[in-house]
Structures are given as structure tokens and as C-alpha cells.
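Residue numbers (our numbering), protein chains in the order written: chain A, 24 to 232; chain B, 24 to 232. Think of the CB as a built atom: it goes at the ideal place given N, C-alpha and C, for glycine as much as any other residue. Quick caveat: nothing in here was measured; it's all calculated off a predicted structure. The next block holds one structure in the form of C-alpha cells; read it before the comments.
2 protein chains.
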Amino acid sequence: MSGTSYGPSGPSYEAAAEALRLLEDRGWSLAVAESLTGGLLAGALTAVPGASRTFRGSVTAYATDLKRDLLGVPGDLLADRGAVDGEVARQMAAGVRWRLGADWGLSTTGVAGPEPQDGQPVGTVFVAAAGPGGQNEQVRLALEGDRDEIRSATVLAALELLQRVVRAAGAPGAVAAQGSGGAAEGDAEALVGDLPGGEHYGAEERSNP
Amino acid sequence: MSGTSYGPSGPSYEAAAEALRLLEDRGWSLAVAESLTGGLLAGALTAVPGASRTFRGSVTAYATDLKRDLLGVPGDLLADRGAVDGEVARQMAAGVRWRLGADWGLSTTGVAGPEPQDGQPVGTVFVAAAGPGGQNEQVRLALEGDRDEIRSATVLAALELLQRVVRAAGAPGAVAAQGSGGAAEGDAEALVGDLPGGEHYGAEERSNP
């Protein structure tokens with residue numbers, strides 16, 4: 024295929040605009056941590072005019088050591104499981120939320136190809152979201168297609184996950200008091216430490232059609 | 024227009040592939056700091072299979088405070104000139120090189136629109152590159168078009184700047200000794216401190232056709 028648009032049209036743009044609207048309605052900010060999508064998730068969000076009211080920024084931690092040093096993913100987790108892992112995705116989401124002082128963190132990690140990575144086949148992808156109420160959900164995807172198609176499908180899946188968890192967190196009026204100022208550092212550090220057994224833990228598996 | 028491809032075709036892909044090839048031939052790594060392009064520059068680089076051999080990662084510092092806190096751009100510089108400024112671009116490039124431990128840093132800042140920002144009109148853009156020999160060049164662009172066109176033209180201009188400064192830094196054999204391991208922290212901190220009067224300082228102005 025000849026590539027996917029991240030400009031003002033297409034499914035990623037619509038999904039990004041809707042996710043930003045849901046966040047803004049609730050007074051919440053967003054930060055993004057990317058691996059295989061390599062900037063495209065942030066790029067889809069910033070294609071939307073006015074994104075700066077909600078989107079604070081992103082970290083592309085392409086090198087595995089940056090997942091540890093910039094996002095706070097535990098080094099022993101990365102050593103044990105590799106970078107393509109659901110718990111790594113959850114830690115990336117929680118870590119970028121803390122590091123960038125945002126209410127929500129959204130992450131991607133996986134294998135876009137053309138080669139397998141960390142013992143995982145091409146198309147194995149995890150997306151995760153972490154929120155101000157302790158939410159920290161991951162979704163496992165088994166994607167087919169070429170490098171560009173896998174990256175594009177991952178962007179869309181991450182945005183759909185974000186929409187779902189933000190809607191589930193409450194209607195705009197109900198969450199207004201929470202959304203006043205990003206994650207306090209102590210709060211986020213506690214969140215990172217508490218992740219594995221957190222009651223908001225969730226995981227599901229999906230394949231693309 | 025209906026959007027620009029960041030997949031495996033188009034001018035950004037070709038420019039990214041060439042920039043990565045020039046770096047890899049010299050044993051150099053790359054990190055990216057983005058503002059108005061919001062992830063698309065990193066996305067163009069990671070569209071290229073094998074990018075992980077050279078590209079370490081990126082920071083999208085969309086919120087101005089992240090340019091200070093994550094990239095080390097001096098707060099008084101941001102307060103004096105705003106985020107859309109050539110010196111800010113140079114500090115972003117030097118800062119991400121240091122923060123991500125890469126040989127080269129490449130940055131973008133500017134106004135994609137639809138609204139003016141920090142007193143600068145839509146289309147005012149700065150790209151900059153910082154390298155292991157003290158290089159720290161910026162280019163000012165005056166771009167026309169819509170938000171998507173301005174962001175796409177900025178990605179291309181940044182990649183062309185990187186190609187030029189890497190070529191100017193020397194042929195592969197001549198620089199092999201320099202490219203052995205990323206920026207040492209002390210080295211990069213000295214570089215950030217030395218920027219304004221450095222002998223490698225360079226600036227030029229360009230408009231898109």
C-alpha cells in the first residue's frame with residue numbers, strides 16, 4: 024500500500040478528534056508513550072487543531088533503555104519479558120502520565136516488522152491507558168499487514184481504547200473535580216509502584232479483522 | 024488537501040531513509056525533539072525498516088513547560104522569546120541529544136495554525152540540528168499552506184537539514200572515531216551551556232516555493 028494519511032481526514036483523525044473532545048469535556052490532559060508507532064500516535068492527535076488544549080506531549084522510546092530511563096519501566100521487567108509485553112505497555116502509560124504531568128497516559132509497544140522482535144512475531148502489539156482514578160488497562164492485538172498497516176492499526180486501536188476508558192471514567196460533570204491539574208508526582212509514583220495488583224487492572228485480546 | 028502519507032512512499036520517507044543511511048554509515052545515533060510536527064518527524068523516521076539501528080527516540084514537547092523540563096531549554100529564553108524561536112530550536116536539538124544519549128539531535132518548533140502563536144504568524148517555523156562536533160545549526164522557514172501542509176513541509180526541511188549537516192561533518196571513514204557511543208552527559212551539558220557563542224553556530228532563512 025502507499026501509506027496512510029495522518030492529515031485532516033481518515034479514521035485516525037476522527038478517532039483522535041473524538042478522544043481529545045472527550046478529554047477536554049472532562050478537563051483532562053493527555054500524554055503519549057510510543058514504541059512501534061514511533062511518533063504517529065502523537066502525530067494523529069496533533070493533526071487536530073486545538074490539540075494543545077489537551078495534549079501535553081509524548082515520548083517515543085524506540086530504544087529499550089529509554090523505556091526504562093525516560094518512562095520508568097522497571098529494568099527487570101524489560102529483561103524478563105522484552106519490550107513487547109502487556110505489562111510493559113501498562114508501565115509505559117503510567118510512566119508517561121507521571122513524567123509529563125498529565126491526567127491520562129496512552130502507550131503502544133509491539134512488532135511492526137519486517138523482522139520479529141524479542142521473540143514475538145510481527146503484528147504482536149499491546150496498547151495501554153493509565154488514568155487519574157488508577158485506571159491502567161491494556162489490550163493485546165494480533166495484527167496482520169505490512170509495517171505501515173500494523174502501525175496505522177495500532178494508532179487507531181490506542182485511540183479507541185482511550186475513548187473507551189475515558190467514557191467509562193465518568194460523564195463530564197461527574198469527573199470535573201478530578202481534572203484540575205495533571206498528575207502530582209507523588210501520586211504518579213505510587214501508581215507506578217502499585218500497578219501489578221491494582222484493582223483497575225484489565226486486559227483483553229483482540230485481532231484485527 | 025486530504026493529508027500526507029508517512030508510509031513507505033513519498034518525499035518524507037525518502038528523506039528519512041537517506042538521513043538514516045548517512046548516520047548509520049558513520050556509526051551515529053539520532054534523537055528528535057518536536058513541537059509543531061507533534062510526532063510526525065519521528066514517525067517519518069520510524070517508517071523506515073531498520074530505523075532502530077540509528078533512531079533512539081523522540082520527545083514531543085507540545086506544552087511549553089515540557090521544552091524546559093524535559094529538554095532543558097532555559098525558562099528565561101522561553102519567557103523572553105516564546106517557543107517559536109531559532110535559539111529555542113537549537114536548544115531543543117542540543118537538549119534532546121543530551122537527554123536521549125544520541126550523537127545527533129534534530130528539532131522543530133513553529134506555528135502550524137490555524138491560530139498565530141507567541142506573536143508569530145502561521146507558517147513561521149524553525150528547525151535545528153545539534154551534533155557531536157559541537158554543530159548546532161538552525162534554519163528559519165516561512166511556510167504557506169494549511170496545518171497539514173506546514174507540518175509536512177517542516178518534516179521534510181528538518182530531514183534535509185540533518186542530511187546536510189551530517190554530510191558536512193565528514194565522510195564515513197573520517198568520523199568513525201567520533202561515533203562510538205552517543206553523547207557523554209558531561210559533554211552534552213557543556214554543549215548546552217556553550218551554545219549561544221559557539222563557532223559552529225549557523226542560521227539561514229528560507230521560504231518554501
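Practice problem: Please go through the region 44-132 of chain B and give each complete alpha helix (DSSP H) segment of 4 or more residues, from N-terminal end onward. | Solution: 63-69, 87-92, 98-104, 109-122
Self-check item: Beta-carbon separation (whole angstroms), Trp127(A) vs Leu45(A), contact threshold 8 Å
Solution: Rounded, the Cβ-Cβ distance is 10 Å, inconsistent with contact.
Practice problem: Quick one: using the 10 Å Cβ neighbour count with 16 as the cut-off for buried, is Arg122(A) buried or exposed? | Solution: buried
Exercise. Report the rounded CA-to-CA distance for Glu138(A) versus Leu166(A), giving the unit in angstroms.
Key: 14 Å
Self-check item: Local Cβ density within 10 Å of Ala197(B), reported as buried at 16 or more and exposed below that
Solution: Taking all protein chains shown into account, Ala197(B) has fewer than 16 neighbouring C-beta atoms within 10 Å of its C-beta and is therefore exposed.
Quiz item: When the cut-off is 9 Å and only beta carbons count, does Gly154(B) lie next to chain A?
Solution: Taking Cβ atoms only, chain A never reaches closer than 9 Å to Gly154(B), which makes this a no.
Practice problem: Check the DSSP bridge columns for Gln143(B) and list the partner residues they point to. | Solution: Gln140(B)
Quiz item: For the beta strand (DSSP E) that contains Gln158(B), what are its first and last residues?
Solution: Boundaries for Gln158(B): no beta strand (DSSP E) harbours it, and the DSSP string shows neither H nor E there.
Self-check item: Test item: CB-CB of Ala153(A) and Thr83(B) under 9 Å
Solution: no
Quiz item: In terms of DSSP beta bridges, what is Ala135(A) paired with?
Solution: Beta-bridge partners assigned by DSSP to Ala135(A): none are found.
Quiz prompt | 6 Å Cβ shell around Ala112(A) - same chain, five flanking residues per side excluded | solution = Ser130, Thr132, Phe149, Ala151, Gln161
Exercise. Spell out whether any CB of chain A is found under 9 Å from the CB atom of Leu123(B).
Key: yes
Exercise. Please report how far the alpha carbon of Val189(A) lies from the alpha carbon of Thr177(A), in whole angstroms.
Key: 18 Å
Self-check item: Identity of the residue in Ala86(B), Ala181(B), Arg170(B) nearest Ala38(B) by Cα
Solution: With respect to the C-alpha of Ala38(B), the residue from Ala86(B), Ala181(B), Arg170(B) having the closest C-alpha is Ala181(B).
Quiz item: Relative to the alpha-carbon of Gly80(B), which residue among Ala135(B), Ala192(B), Gly95(B), Ala56(B) has its alpha-carbon at the smallest distance?
Solution: Ala56(B)
Quiz item: Taking Cβ positions, are Ala106(A) and Leu68(A) nearer each other than 9 Å?
Solution: no
Self-check item: Residues that DSSP places opposite Val150(B) in a beta bridge
Solution: Thr131(B), Val162(B)
Quiz prompt | Within chain A, partners of Gly66(B) - CB distance below 7 Å | solution = The contacting residues are Gly61, Gly62, Leu63, Gly66.
Exercise. Report the residue from Gln186(B), Leu179(B), Gly109(B), Arg187(B) whose alpha carbon sits nearest the alpha carbon of Ser35(B).
Key: Nearest of Gln186(B), Leu179(B), Gly109(B), Arg187(B) to Ser35(B), Cα basis: Leu179(B).
Quiz item: When you compare only the Cα positions, how much space is there between Trp51(A) and Asp141(A)?
Solution: 35 Å
Exercise. With distances taken Cα to Cα, identify the nearest neighbour of Leu185(B) among Val71(B), Ala116(B), Arg104(B), Asp103(B).
Key: Minimum Cα distance to Leu185(B) is reached at Ala116(B).
Quiz item: Using 9 Å as the limit for Cβ to Cβ distance, is Asp171(A) near chain B?
Solution: yes
Quiz item: So, using beta-carbon positions, are Val119(A) and Ala192(A) closer together than 9 Å?
Solution: Ala192(A) is positioned such that its CB atom lies no closer than 9 Å to that of Val119(A).
Practice problem: Answer with buried or exposed for Gly98(A), where buried requires no fewer than 16 other C-beta atoms within 10 angstroms of its C-beta. | Solution: exposed
Exercise. Go through its chain and collect everything with a Cβ distance to Thr60(A)'s Cβ below 6 Å, but skip five positions before and after it.
Key: These residues qualify, in order along the chain: Thr131, Arg174, Thr177, Val178.
Quiz item: In whole angstroms, what separates the C-alpha of Leu93(B) from that of Ser75(A)?
Solution: 17 Å
Quiz prompt | Leu63(A) beta carbon less than 9 Å from that of Leu63(B) | solution = yes
Quiz item: Quick one, which residues of the region 74-108 of chain B are near chain A if we go by CB-CB under 7 Å, in chain order?
Solution: Ser75, Phe78, Arg79, Gly80, Ser81, Val82, Thr83, Ala84, Tyr85, Ala86, Leu89
Exercise. Give the DSSP-derived three-state secondary structure of Ala194(B) in the structure shown.
Key: coil
Exercise. Measure the beta-carbon distance from Gly136(A) to Val145(A) and round it to whole angstroms, keeping in mind my assumption that it falls under 8 Å.
Key: 4 Å
Exercise. Indicate whether at least one CB of chain B lies closer than 9 Å to the CB of Glu208(A).
Key: Note that Glu208(A) scores a pLDDT of 37, beneath 50, so its modelled location is shaky; the value from the coordinates is reported in the next line. Taking CB atoms only, Glu208(A) has no neighbour in chain B less than 9 Å away.
Quiz item: In chain A, which residues lie less than 7 Å from Glu137(B) when you measure between Cβ atoms?
Solution: One point to set straight first is that residue 137(B) is Pro, not Glu, in the sequence displayed. Simply Pro72.
Quiz item: Comparing the CB of Gly193(A) with every heavy atom of the ligand FMN, is any distance shorter than 8 Å?
Solution: Although the ligand FMN was asked about, the structure shown includes no ligands whatsoever.
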